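A.B. asks:
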Ligand SMILES: [Zn+2]
C-alpha cells in the first residue's frame with residue numbers, strides 16, 4: 821500500500837510543510853494545520869491552528885482509516 825510522510829502509520833508524528841509554510845499533520849481523519857506568524861515585525865509569535873476533515877491523504881491519495889460511523 822502506498823503511503824507518504826504525511827500519513828505513514830509508522831511516522832505518525834511526521835510533520836510536513838505546505839507551500840505557505842504551515843506545518844501539516846493528520847490527526848485521525850482530520851488534516852491539522854498549524855501556522856506560526858507575527859502580527860507585526862518584532863511582535864509576539866502567534867500560533868493559529870485549523871483543521872479540515874478529510875477522507876483521503878492529500879499528498880498520496882491513500883484512504884484514511886475511519887472510525888465507526
Ligand atoms: Zn499520504
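Residue numbers (this note's numbering): 821 to 889. We treat Cβ as the ideally placed atom computed from N, Cα and C, and that holds for glycine. Quick caveat, the model's predicted, so the values are computed rather than measured.
Any chance the CB of residue 864 is under 7 Å from a heavy atom of ligand 1?
C.D. replies: no
A.B. asks: Using a Cβ-based criterion (distance less than 7 Å to any ligand heavy atom), does residue 826 qualify as near ligand 1?
C.D. replies: yes
A.B. asks: Note down the Cα distance separating residue 838 from residue 861, rounded to an integer number of angstroms.
C.D. replies: So the two alpha carbons sit approximately 23 Å from each other.
A.B. asks: Report, in whole angstroms, the separation of the C-beta atoms of residue 843 and residue 874, which I expect to be a contact under 8 Å.
C.D. replies: Their Cβ separation, rounded to whole angstroms, is 16 Å, which puts residue 843 and residue 874 out of contact at 8 Å.
A.B. asks: Should residue 849 be listed as close to ligand 1, given that the test is whether its C-beta is under 7 Å from any heavy atom?
C.D. replies: no
A.B. asks: Hey, would you say residue 868 sits closer than 8 Å to residue 859, going by beta carbons?
C.D. replies: no
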